[in-house]
Amino acid sequence: MPALSYFIKRHERGQLVVIFAFALVAIVVMVGLVLDGGSAFAQRRSQQNAADLAALAGANAYMLTNDSNAATSAALAVSAENGWTDGSGSIHVDVSIDLTNGAAVTVDVQAAHHNNFGSVIGLSEWGVGTTATAVAGFPDTVEGAAPMIFSIRAFQQGVGPLSQYADPLHPYGFGETNGDVPTSAGDIAWTNYGTGNVNTNDVRSIIDGSLVINKTLDFGEYIGQHNNGNHTALYSEIQAHLAGQDVPVPVVDDNGNFMGWATFHITSAQGGSVKKVFGYFKSPMINQRLTVGDCSANACPSFLGSYVLKLTN
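All residue numbers for the sequence shown refer to this note's numbering, where the first residue is 27 and numbers rise by one.
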C-alpha cells in the first residue's frame with residue numbers, strides 16, 4: 027500500500043506538471059496576442075493619421091489647382107511623409123476622387139502587421155486597413171445673381187480682377203455697347219442665363235426678384251443675347267433694386283460662353299445717354315460652374331458662397 031500511495035502521488039504530480047505546461051503555453055500565447063494586438067492598434071492609428079492628413083492634402087490641392095492628378099500626387103506625398111509610402115513593402119495607398127459635389131478625396135492605406143508572437147500559432151501577420159475622406163467644397167451656388175455678364179478680359183489671366191475694376195474708391199462705369207456679349211474688359215451685356223430669348227420684361231423681373239430662374243451654368247455654355255440690343259430701361263431697374271448690393275455675376279469669354287463667376291458690388295446705374303453700371307469686383311473670378319436660383323427653401327447645394335475643407339470620414 028505505501029508503494030501504491032507513492033505511485034499515485036507521483037502520478038498526480040506528473041499530471042500537474044503537464045497541466046501547468048499547457049497553461050503556461052496558453053498564457054504565453056494570450057500575452058503574445060495581446061502584445062501583437064496592441065502593436066497592430068498602434069500601427070492602425072499611425073495609418074489612420076496618415077490617411078487623414080493625405081485626404082486633406084489631396085482635397086486642398088484640388089481646391090487650389092482644379093487638377094485631379096495634382097490632388098492624387100499631394101495625397102500620396104503626404105502619406106509617404108508620414109511613414110506610409112505606396113509600394114514600399116506591403117504598403118498600398120489608394121487615392122480616389124469623386125467630383126459629384128465639390129471634390130471628395132478618399133485615401134485608403136493598407137499594410138501588413140508582422141506579428142512577433144502570433145507566428146507561434148501560425149498568425150505571422152495581420153492585414154491593417156484604414157480609410158479617410160476629405161471634401162473640398164467650392165462656392166458654386168448663388169441666390170440673387172445679377173442678369174448681366176462681364177468679360178473675362180476684366181481679370182488678370184482669368185483670375186484676379188484688374189486694378190481699375192476692383193477699386194472701391196473709384197467705381198468703374200461698365201457700359202453696354204449694344205452687343206450680345208461684352209466686347210471689352212469694361213463692357214457688359216444682359217442675360218437670362220441661357221434660358222431663352224433675352225427680353226426687357228424678363229430681365230426686369232429677374233432684377234426686381236419677381237422672376238427666379240433655376241439654372242446651372244456649365245463651362246462653355248452660351249449665355250449672351252441674340253440680337254436683342256441695349257435694353258436702356260434696365261439701368262433704372264438696376265439703380266432701384268440692386269444699387270449698394272454685392273451680387274454674383276457670370277463671366278464670359280469673347281464669344282459669350284460661361285467661364286466662371288465673381289462677386290460684383292453695384293454702386294449705381296445710369297441709363298439715358300450714359301448707359302453704365304458703376305461698381306467694382308470684390309472677388310477674383312471663380313472657375314467653377316454656377317447654379318443660380320432660390321435658396322430660401324434650402325434647395326441649394328451645400329457650398330453656397332463659401333469654401334469648405336473638412337474630413338467627412
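Every residue, glycine too, gets a C-beta built ideally from N, C-alpha and C.
How should residue i be labelled, buried or exposed, when 16 other C-beta atoms within 10 angstroms of its C-beta is the threshold for buried?
{"i": "L90", "result": "exposed"}
{"i": "M128", "result": "Sequence check: residue 128 is Gly here, not Met. It counts as buried."}
{"i": "F67", "result": "exposed"}
{"i": "S105", "result": "buried"}
{"i": "H37", "result": "Only weak support exists for where H37 lies, its pLDDT of 49 falling under 50; the coordinates are left without a value."}
{"i": "Y32", "result": "Residue confidence is low: Y32 scores 48 on pLDDT, short of 50, so the model does not pin down where it sits. Its coordinate-derived value is still stated next. Exposed, by the Cβ-count rule."}
{"i": "S189", "result": "exposed"}
{"i": "F71", "result": "Checking the displayed sequence, the identity of residue 71 turns out to be Arg instead of Phe. Exposed is the call here."}
{"i": "F245", "result": "exposed"}
{"i": "S299", "result": "exposed"}
{"i": "L195", "result": "exposed"}
{"i": "N141", "result": "buried"}
{"i": "D93", "result": "exposed"}
{"i": "H252", "result": "exposed"}
{"i": "S177", "result": "buried"}
{"i": "E107", "result": "exposed"}
{"i": "L125", "result": "exposed"}
{"i": "N281", "result": "exposed"}
{"i": "K302", "result": "buried"}
{"i": "N95", "result": "exposed"}
{"i": "A101", "result": "buried"}
{"i": "A259", "result": "exposed"}
{"i": "A10", "result": "As displayed, the chain neither begins before 27 nor continues past 339, which places residue 10 out of reach and without an answer."}
{"i": "G305", "result": "buried"}
{"i": "G297", "result": "buried"}
{"i": "A266", "result": "exposed"}
{"i": "V275", "result": "buried"}
How is the alpha helix (DSSP H) around residue i delimited, first residue to last?
{"i": "Q265", "result": "L260 to H267"}
{"i": "S122", "result": "From DSSP, S122 is part of no alpha helix (DSSP H) but of the beta strand (DSSP E) over H118 to D124."}
{"i": "D134", "result": "From DSSP, D134 is part of no alpha helix (DSSP H) but of the beta strand (DSSP E) over A129 to H140."}
{"i": "V300", "result": "Neither: V300 is in no alpha helix (DSSP H) and is coded neither H nor E."}
{"i": "S99", "result": "S94 to E107"}
Can you tell me the Cα-Cα spacing of residue i and residue j, whole angstroms?
{"i": "G235", "j": "Q271", "result": "14 Å"}
{"i": "V119", "j": "T338", "result": "19 Å"}
{"i": "G199", "j": "V318", "result": "25 Å"}
{"i": "I232", "j": "V121", "result": "43 Å"}
{"i": "F181", "j": "W110", "result": "42 Å"}
{"i": "A138", "j": "A87", "result": "29 Å"}
{"i": "F279", "j": "G84", "result": "Reading off the sequence, residue 279 comes out as Asp, not Phe. Near 30 Å, if we compare the C-alpha coordinates of G84 and D279."}
{"i": "T201", "j": "W216", "result": "The residue asked about is misnamed: residue 201 is Gly in this sequence, not Thr. Going by the C-alpha atoms only, they are around 11 Å apart."}
{"i": "W287", "j": "N223", "result": "21 Å"}
{"i": "L268", "j": "M174", "result": "12 Å"}
{"i": "H257", "j": "D213", "result": "14 Å"}
{"i": "S309", "j": "S210", "result": "19 Å"}
{"i": "L82", "j": "R315", "result": "23 Å"}
{"i": "T226", "j": "A192", "result": "28 Å"}
{"i": "S262", "j": "D134", "result": "57 Å"}
{"i": "D112", "j": "V277", "result": "41 Å"}
{"i": "Y248", "j": "P208", "result": "12 Å"}
{"i": "A130", "j": "Q136", "result": "20 Å"}
Just reading off the beta strand (DSSP E) that residue i is part of, what are its end residues?
{"i": "T293", "result": "F284 to Q296"}
{"i": "P276", "result": "D272 to V278"}
{"i": "T317", "result": "L316 to G319"}
{"i": "S177", "result": "M174 to S177"}
### Task
Answer yes if the region 177–189 comes into contact with the region 233–247, meaning at least three C-beta pairs across the two stretches below 8 Å, and no otherwise.
no
### Query
If we count Cβ pairs, one from each stretch, closer than 8 Å, do we get three or more for the region 289–306 versus the region 150–160?
no
### Within the region 185–254, ranges of the beta strand (DSSP E) (whole runs, at least 3 residues)
198–202, 213–216 and 241–243
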